[in-house]
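Heads up, the thing below is written out as structure tokens.
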DNA sequence: AGTAAGTCAAACAGATGTGTTCGAGTTGTG
DNA sequence: CACAACTCGAACACATCTGTTTGACTTACT
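This is the structure:
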């Protein structure tokens, strides 16, 4: 097991099921146990340990999984136009994925060395970061607040919206519109 | 122990230290153990159990503590003027307290019956809720998004700012200004 | 000063989680 | 078919957390 060489088909399939379950469980509950994840994957706990040597390794693999999914979706988007429109497209097409990724990363923060998480997160986050900085440079987004803060606001509003949806306090269909309207307004200086 | 009658001075003092430590620990880590809280309070674990029959009871007491602190501060504010100015005052004077209360409530959510938390939280939250609804009614805040969502946004931005400060990614002194500027802009329809 | 109230460390029981081993059963693949 | 790869439940050791008891110690209050 855990040999680089070709593994049996069902084994590869199980690894896939486990990673999917891990992402789902960890984005719902950062403290999800290994048993819980194994059960959600329809797999025995021992089988899981056959593929991942420790919970920590599993969490890291789940992070890489959700990040690569994110890369795939974000890579298919055209974010080169008007920053406002680009941000709108970004939010409407993948807010749920971004929120899920954010939740898994937060879960990872509790069981992985803190530097490791930011290291993994750095590259994919760059896309959003660049978009916001470009919007500032083009004078479309406000510059009286630092880009880091604007990124953080987007991050936390997305995460919050996901929590609200999970708690039944927000209709999933309303979320992208609400988020987009809120963020675009927040990124423009208020007319006091 | 746990007699309604007059208790010794040092006992009351210890209860106070324990509650303070519980609020501090739980707002930093929702899963803080009883030992951790006892140690932070400078008190033995057994002593803590002498005052609170269970972890659950301790968490509930910590929630009541932070909420009553919040009531005290919010009660001393004049929020009757221009909703924008009132919200500005509210954020600048007590964003940290609000964020801490929010974190403790989130911690409580993991160990208390879900209904109980919202029940405890309901009355103090009403103040902020009312302010936002008044702002909408007076035409100062946008009405194309529901008040519940605006409240939720404030909530999550506050929480996020507290996390950023704790992570060293945001200067504590900058936070109130950033939050206030962001929220006021978000509460106004963007000039697309 | 005397007494009750309070504190505390050590040790216990029980629950839960992680990680491992064993042995038997199952299934993909050559 | 045959064998290796894989799966899986049961049980283990180890750690951590909750909650309790015991017994000795200290301290507030009258």
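Chains as they are written, first to last, in the numbering used here: chain L, 17 to 208; chain F, 17 to 208. Don't be surprised by glycine CBs; every beta carbon is placed ideally from N, CA and C.
Chain L contact residues for residue i, given Cβ-Cβ distances below 8 Å
i	result
residue 169/F	173, 176 and 198
residue 202/F	198, 199, 201 and 202
Chain-ordered chain F contacts of residue i [CB-CB under 8 Å]
i	result
residue 35/L	By Cβ distance, chain F contributes nothing, its closest Cβ being about 25 Å from residue 35/L, past 8 Å.
residue 185/L	164 and 168
Beta-carbon proximity check, residue i vs residue j, cutoff 9 Å
i	j	result
residue 46/F	residue 102/F	no
residue 67/F	residue 30/F	yes
residue 161/L	residue 194/F	yes
residue 72/L	residue 128/L	yes
residue 179/L	residue 172/F	yes
residue 174/F	residue 118/F	yes
residue 37/L	residue 60/L	no
residue 50/L	residue 64/L	yes
residue 124/L	residue 79/L	yes
residue 93/F	residue 144/F	no
residue 201/L	residue 202/F	yes
residue 151/L	residue 100/L	yes
residue 165/L	residue 170/F	no
residue 116/F	residue 181/F	no
residue 97/L	residue 176/F	no
residue 133/F	residue 110/F	no
residue 191/L	residue 112/L	yes
residue 196/F	residue 108/F	yes
residue 34/L	residue 48/L	no
residue 76/F	residue 140/F	no
residue 41/L	residue 25/L	no
residue 158/F	residue 198/F	no
Per-residue contacts from residue i into chain F (C-beta, under 7 Å)
i	result
residue 194/L	161 and 165
residue 205/L	201
Proximal residues of chain L, C-beta to C-beta of residue i below 9 Å
i	result
residue 32/F	Within chain L, no residue comes near residue 32/F; the closest Cβ sits about 30 Å away, beyond 9 Å.
residue 180/F	164, 165, 168 and 172
Under 9 Å from the C-beta of residue i: neighbouring residues of chain F
i	result
residue 47/L	47 and 126
Where the segment 53-64 of chain L meets chain F: residues whose CB sits under 9 Å from a CB there
Answer set for the segment 53-64 of chain L: empty.
So within the segment 27-76 of chain F, which uninterrupted alpha helix (DSSP H) runs reach at least 4 residues, ignoring any that extend past its ends?
If we require 4 residues or more, the alpha helix (DSSP H) runs fully inside the segment 27-76 of chain F come out as 50-56 and 61-67.
Listed in chain order, which residues of the segment 138-157 of chain L have Cβ atoms closer than 8 Å to some Cβ of chain F?
Residues of the segment 138-157 of chain L with a Cβ closer than 8 Å to any Cβ of chain F: none.
If you measure beta-carbon to beta-carbon, which residues of the segment 91-116 of chain F are closer than 8 Å to chain L?
For the segment 91-116 of chain F, which is checked against every Cβ of chain L, the residues closer than 8 Å are 100.
Only counting runs of 3 or more residues, tell me where the beta strand (DSSP E) segments fall wholly within the segment 174-203 of chain F, in order along the chain.
Whole beta strand (DSSP E) segments, 3+ residues: zero.
Quick check on the DSSP output: what are the complete alpha helix (DSSP H) runs of length 4 or more inside the segment 68-124 of chain F, in order along the chain?
Within the segment 68-124 of chain F, the complete alpha helix (DSSP H) runs of at least 4 residues are 71-91.
Sequence ranges, alpha helix (DSSP H) only - wholly within the segment 120-153 of chain L, length at least 4:
Taken in chain order, the unbroken stretches of alpha helix (DSSP H) that lie wholly in the segment 120-153 of chain L and span 4 residues or more are 130-153.
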